[in-house]
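Visitor: First to last, the sequence lines map onto chains A and B. Position one of the first sequence corresponds to residue 1 (the UniProt record's numbering), numbered consecutively onward. Position one of the second sequence corresponds to residue 1 (the UniProt record's numbering), numbered consecutively onward.
Protein chains: 2
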Amino acid sequence: MSTEDKFDALFKALGHRARRRILDLIKDGPQTTGTLCATLTDLDRCTVMQHLSVLEKAGLVVVERRGRERWNHLDALPIHDVQNRWIGPYAAQAITMLGDLERLGKTDASLVKADDNSET
Amino acid sequence: MSTEDKFDALFKALGHRARRRILDLIKDGPQTTGTLCATLTDLDRCTVMQHLSVLEKAGLVVVERRGRERWNHLDALPIHDVQNRWIGPYAAQAITMLGDLERLGKTDASLVKADDNSET
DNA sequence: TTGACATGTTATTCTTTTATAACATGATTG
DNA sequence: CAATCATGTTATAAAAGAATAACATGTCAA
C-alpha cells in the first residue's frame, strides 16, 4: 500500500461519524465488540463490525483476541502521520492566508466553537 | 449543518487523493479551474469541478469569480478545527498507549517515512 | 456583435459504502 | 458434552461517490 493509499484509508475511516464515535469510545481503553454494540444501539451489530474492520484496515484499531472475546484497542499513531503531513502544514497556512480570504468576504472565524447541532 | 456534519464533509473531502492534490496545488496561491485542469491531466475537467465542489462544501476551497475565470482559494481554517477536535487529542493519546499496543505485538513505529509507493 | 473561451449544469453510468439478514464457528459454563 | 454466548462470514439491497458526456451560459476581445 502506498502512502497515499494509507491516507485515503485514514481519512475515509475518519469520514463517518459512527467510526469517530467508536474511536472516542475506545480512547480511554479497549472494549469488546459486544460492549461497543451495546452502546451503539442505533447500529446493527454487523454494521458495527464492518465499521471496526474499516478502522482496522486504516490501522486505527488493533484487535486483541481473548477467548471468545475481541478487544478493540485504539492505535492513534496513524493520526500522528496525518498531523505531520496534512494538519500541521495546513494549519500554518491558515494563518498566512487570513487576509487574502477576508478580502473575499469570508468572515467565518472558523467553525467549531461548541457542539451545537442546530445550524443550517 | 451540525458539527458532526462538518467533520463528515471535511474528512470525506480529504479522503480522496485527487482532492488532496488540488489542495496542495492551491496551497501557495489560488488557481483558476482551467489551470488546475491543465495540471491534472489524468482527470476529466468535469471530475475536477466535482472535486472542487466537494472541497467547497467542506469549506476548504473559497471561490472568487473574476470575469469568466474562477479562482480557487485554499481555506485551511477548517483544518484547524480538525486539529483541535481530533488530531491533537488523539496524538496525545498515541503516546500514553504505546506500551499497551506493544504488548500486542504491534511494532509498527508509525507509517509515513518517505513517499514510497512499493509496499504491500 | 460575434466567435472563441472559461466555466457551469444536468443526466447517466459504474463503483464503492453502508446497513441488514441469515447462517456458521468456536469458546465457556453448567 | 450440550446449551449458550461472543464473534465471524457471506450475500444482498439501498445509498452515496466518482467519472464522463452533452449541452448551456456568460465574458472577453477583435
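All C-beta atoms in this analysis are idealised placements derived from N, C-alpha and C, irrespective of residue type, glycine included. Only a predicted model underlies this, so the values are computations on that prediction, with no experimental measurement involved.
Are any of the Cβ atoms in chain B nearer than 8 Å to that of residue 120/A?
Guide: Locating residue 120/A in the first sequence gives position 120, where the first residue counts as 1. Because the pLDDT of residue 120/A is 40, which lies under 50, any placement of that residue in the model is unreliable, and the number read from its coordinates should be weighed accordingly. Closer than 8 Å: yes.
Visitor: Can you have a look at residue 19/B and say buried or exposed, based on whether 16 or more other CB atoms are within 10 angstroms of its CB?
Guide: Residue mapping note: residue 19/B aligns to position 19 of the second sequence, counting from 1. Result: buried.
Visitor: Could you give the distance in angstroms between the alpha-carbon of residue 27/B and the alpha-carbon of residue 93/A?
Guide: Here residue 27/B is taken as the residue at index 27 of the second sequence, counted from 1. Here residue 93/A is taken as the residue at index 93 of the first sequence, counted from 1. Distance between the alpha carbons of residue 27/B and residue 93/A is about 8 Å.
Visitor: Does residue 42/B pass the burial test, meaning 16 or more other C-beta atoms within 10 Å, or should it be called exposed?
Guide: On the second sequence, residue 42/B is found 42 positions in, with the first residue counted as 1. By the 10 Å Cβ count, residue 42/B comes out exposed.
Visitor: Could you tell me if residue 59/B is buried or exposed, where buried requires 16 or more neighbouring beta carbons within 10 angstroms of its beta carbon?
Guide: Within the second sequence, residue 59/B is the residue found at index 59, counting from 1. It is buried - the Cβ of residue 59/B has at least 16 other Cβ atoms within 10 Å.
Visitor: Tell me the DSSP bridge mates of residue 73/B?
Guide: Counted from its first residue, the second sequence places residue 73/B at position 73. In the DSSP output, where bridge partners are listed per residue, residue 73/B has 62/B.
Visitor: I want to see whether chain B comes within less than 8 Å of residue 4/A, judged by CB atoms only; does it?
Guide: Position 4 of the first sequence holds residue 4/A. Yes, because at least one Cβ of chain B sits closer than 8 Å to the Cβ of residue 4/A.
Visitor: Does DSSP put residue 41/B in a helix, in a strand, or in coil?
Guide: Along the second sequence, read from residue 1 onward, the residue named residue 41/B stands at position 41. Of the three classes helix, strand and coil, the one that applies to residue 41/B here is coil, per DSSP.
Visitor: Would you say residue 68/B faces chain A, with C-beta separation under 8 Å as the test?
Guide: Start at 1 with the first residue of the second sequence, and residue 68/B comes out as number 68. No, its Cβ sits nowhere closer than 8 Å to a Cβ of chain A.
Visitor: Any heavy atom of the ligand GTP closer than 7 Å to the beta-carbon of residue 31/A?
Guide: With respect to small molecules bound, the structure shown includes none, and the ligand GTP cannot be examined in it.
Visitor: Buried or exposed, going by whether 16 or more other CB atoms sit within 10 Å of the CB of residue 38/A?
Guide: Position 38 of the first sequence holds residue 38/A. Exposed, because fewer than 16 other Cβ atoms sit within 10 Å of the Cβ of residue 38/A.
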